[in-house]
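Protein sequences, first through last, are from chains A and B.
Here the first sequence stands for residues 1 to 189, numbered as in the working numbering.
Here the second sequence stands for residues 1 to 189, numbered as in the working numbering.
2 protein chains.
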Amino acid sequence: MSASIFKGISFTDDEAELVNAHLKKLVVPKGTILLSADQLVACQYYVYSGCLRTYFLDDSGKEHTIQFAVNDWWISDYTAFFSGGQSILHIDCIQEAEVYQLSRESMEQLYGEVPSIETFFRLKMERFFACFQKRILSDLALSAKDRYNRFVQAYPQIEQHIKNYHLASYLGITTESLSRIRKEQAYQK
Amino acid sequence: MSASIFKGISFTDDEAELVNAHLKKLVVPKGTILLSADQLVACQYYVYSGCLRTYFLDDSGKEHTIQFAVNDWWISDYTAFFSGGQSILHIDCIQEAEVYQLSRESMEQLYGEVPSIETFFRLKMERFFACFQKRILSDLALSAKDRYNRFVQAYPQIEQHIKNYHLASYLGITTESLSRIRKEQAYQK
DNA sequence: CGGTCTCTTGACGGAGTTCAAAGCTAGTGG
DNA sequence: CCACTAGCTTTGAACTCCGTCAAGAGACCG
Numbered sequence: 001m002s003a004s005i006f007k008g009i010s011f012t013d014d015e016a017e018l019v020n021a022h023l024k025k026l027v028v029p030k031g032t033i034l035l036s037a038d039q040l041v042a043c044q045y046y047v048y049s050g051c052l053r054t055y056f057l058d059d060s061g062k063e064h065t066i067q068f069a070v071n072d073w074w075i076s077d078y079t080a081f082f083s084g085g086q087s088i089l090h091i092d093c094i095q096e097a098e099v100y101q102l103s104r105e106s107m108e109q110l111y112g113e114v115p116s117i118e119t120f121f122r123l124k125m126e127r128f129f130a131c132f133q134k135r136i137l138s139d140l141a142l143s144a145k146d147r148y149n150r151f152v153q154a155y156p157q158i159e160q161h162i163k164n165y166h167l168a169s170y171l172g173i174t175t176e177s178l179s180r181i182r183k184e185q186a187y188q189k
Numbered sequence: 001m002s003a004s005i006f007k008g009i010s011f012t013d014d015e016a017e018l019v020n021a022h023l024k025k026l027v028v029p030k031g032t033i034l035l036s037a038d039q040l041v042a043c044q045y046y047v048y049s050g051c052l053r054t055y056f057l058d059d060s061g062k063e064h065t066i067q068f069a070v071n072d073w074w075i076s077d078y079t080a081f082f083s084g085g086q087s088i089l090h091i092d093c094i095q096e097a098e099v100y101q102l103s104r105e106s107m108e109q110l111y112g113e114v115p116s117i118e119t120f121f122r123l124k125m126e127r128f129f130a131c132f133q134k135r136i137l138s139d140l141a142l143s144a145k146d147r148y149n150r151f152v153q154a155y156p157q158i159e160q161h162i163k164n165y166h167l168a169s170y171l172g173i174t175t176e177s178l179s180r181i182r183k184e185q186a187y188q189k
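This is the structure in structure tokens:
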């Protein structure tokens with residue numbers, strides 16, 4: 001498994017075995033909550049199939065989606081995962097998923113045993129960082145309609161997996177507004 | 001200098017010297033553009049005094065501020081800095097500043113020579129990442145008024161340095177709206 | 001002083017929200 | 001295989017927050 005998860009790294013046989021020993025495969029049914037707020041975050045997850053998401057639940061009970069993860073993405077409440085503090089995000093399963101779990105502890109250990117793993121995750125985080133920045137810019141600079149169009153263009157494979165209200169909570173609008181945007185876009189084709 | 005920039009790391013004398021050799025001190029006058037869009041990003045900057053910011057210039061000519069940096073912050077167009085691609089952000093100087101420049105090249109070299117530096121930057125980036133996430137949540141979950149209040153509470157030392165129109169472009173509102181929010185807040189005290 | 005940059009104020013308009021109701025769709029059990 | 005229900009999406013009408021445009025008032029600097 002390690003070979004396909006850590007694409008781009010070439011392991012020796014020994015290294016591959018070390019890595020595999022730390023990965024735990026989970027089959028996650030739709031609707032499962034993998035993490036709730038106010039917990040310690042021990043793991044991150046590699047998504048092989050299906051779809052997970054992280055969201056924030058605000059004081060008024062509204063959900064705000066931070067990230068979707070489909071095939072070949074990693075997901076966790078990274079802010080808490082890194083700091084060792086309590087989670088503020090929830091992780092739930094939107095579509096039955098096959099994931100591989102990797103604990104913080106295992107990571108630290110692997111950093112020592114297989115140095116290329118540390119580089120792999122540094123690069124992952126750098127790309128993740130870029131995604132976040134792009135999103136902040138979208139939120140600041142674009143209208144709801146433009147944010148929607150950009151999303152479906154950038155992530156068609158995610159749109160297939162999710163409900164409209166999930167997408168609305170990601171775009172920062174109501175389901176009603178999203179519905180109207182979609183209607184309008186349909187006419188323009 | 002390296003001792004105060006890399007607080008928390010204890011260097012040997014040799015290491016400190018290696019690090020200092022890579023840092024270049026700059027005194028930056030107010031109004032200077034340290035980086036424009038569509039360039040290669042060779043450096044990041046440690047701010048010792050004064051104030052810099054990064055912003056995005058959208059198609060309609062509007063500025064969207066991504067980050068302010070005052071004493072003890074680092075700043076760059078990190079998305080481009082990491083990927084090696086072209087910058088999309090501008091960096092300008094809001095208040096005459098004393099900064100220390102560190103090039104990508106120097107960093108790579110230091111990673112080899114002084115291993116604790118790599119850990120230092122990994123932690124820096126993890127904290128940076130958390131800031132970005134907090135901001136996405138603010139934008140999604142809070143009204144303009146609440147975002148303003150949260151900002152002045154979280155970063156009073158930044159508010160001192162910047163104009164209202166800088167803050168407005170960070171909060172994602174117009175200067176007029178910010179003016180009205182401030183007026184309203186004044187009554188409530 | 002005079003000019004430019006910055007902030008404030010007012011009137012109006014528009015994008016998106018809220019609330020309520022109706023129309024779909026998909027999954028479940030008889 | 002159909003019927004029912006619960007979950008999801010659409011639609012409409014009223015409302016709200018914030019943006020736009022325009023004008024005026026301060027503040028700062030040569």
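Note that the Cβ used here is the ideal one computed from N, Cα and C, for glycine as well.
Fair warning: this is a prediction, and the values are worked out from it, not measured in the lab.
- With respect to chain A, the C-beta atom of GLY172(B) has a partner C-beta closer than 7 Å.
- The C-alpha of ARG135(A) lies about 33 Å from the C-alpha of GLY112(B).
- Rounded to the nearest angstrom, the gap between the Cα atoms of TYR100(B) and TYR46(B) is 5 Å.
- Here HIS161(A) carries a coil assignment [DSSP, helix/strand/coil].
- A distance below 6 Å between beta-carbons, with the five flanking residues on each side excluded, links GLU126(B) to no residue of its chain.
- For ILE181(A), no chain B residue has a C-beta closer than 9 Å to its own C-beta; the minimum C-beta separation is roughly 17 Å.
- In chain order, PHE129, PHE132, GLN133 and ILE136 make up the part of chain A whose C-beta sits under 8 Å from the C-beta of PHE132(B).
- Closer than 7 Å to the CB of THR119(A) there is not a single CB belonging to chain B.
- The continuous alpha helix (DSSP H) containing TYR148(A) extends over residues 144 to 154.
- Taking the CA atoms as reference points, ILE173(A) sits about 18 Å from LEU171(B).
- Rounded to the nearest angstrom, the Cβ distance from VAL28(A) to CYS93(A) is 5 Å, consistent with a contact under 8 Å.
- Proximity of the stretch 56 to 76 of chain B to the stretch 138 to 145 of chain B falls short of the contact definition, fewer than three beta-carbon pairs being nearer than 8 Å.
- Taking 7 Å as the cut-off, the beta carbon of SER103(B) is found closer than this to the beta carbon of ALA42(B).
- As computed with DSSP, ALA97(B) is found in a beta bridge with VAL28(B).
- Within chain A, the residues placing a beta-carbon under 8 Å from that of ALA141(B) are PHE56, ASP58, LYS62 and HIS64, ordered along the chain.
- In the DSSP assignment, ALA21(B) falls within the unbroken alpha helix (DSSP H) covering 13 to 22.
- The beta carbon of PHE6(A) sits closer than 6 Å to those of PHE120, all from its chain and outside the five residues before and after it, given in chain order.
- Under the Cβ criterion (8 Å, minimum of three pairs), the stretch 82 to 93 of chain B counts as touching the stretch 48 to 66 of chain B.
- Put simply, the backbone Cα of ALA37(B) is about 45 Å away from that of ASP13(A).
- With respect to the 7 Å criterion, ILE117(A) and TYR148(A) are not classified as neighbours on the basis of their beta carbons.
- Cβ proximity to chain A below 7 Å picks out PHE82 and SER83 from the stretch 82 to 114 of chain B.
- Interface flag for THR79(B) against chain A is set, since a Cβ pair is found closer than 7 Å.
- Here VAL114(A) really is in contact with LEU18(A); their C-beta atoms are around 6 Å apart, less than 8 Å.
- Under the three-state reduction of DSSP output, GLY85(B) falls in the coil class, being neither helix nor strand.
- With respect to the C-alpha of SER169(A), the residue from GLY85(A), LEU57(A), GLU184(A) and SER106(A) having the closest C-alpha is LEU57(A).
- By the rule that beta-carbons nearer than 7 Å mark a contact, GLU176(A) does not touch chain B.
- Look at GLN39(B) here: in three-state DSSP terms it is coil, with no helix or strand label.
- With a threshold of 7 Å between beta carbons, GLU15(B) makes no contact with chain A.
- In this structure, the beta-carbon distance from GLU98(A) to TYR55(A) does not fall below 7 Å.
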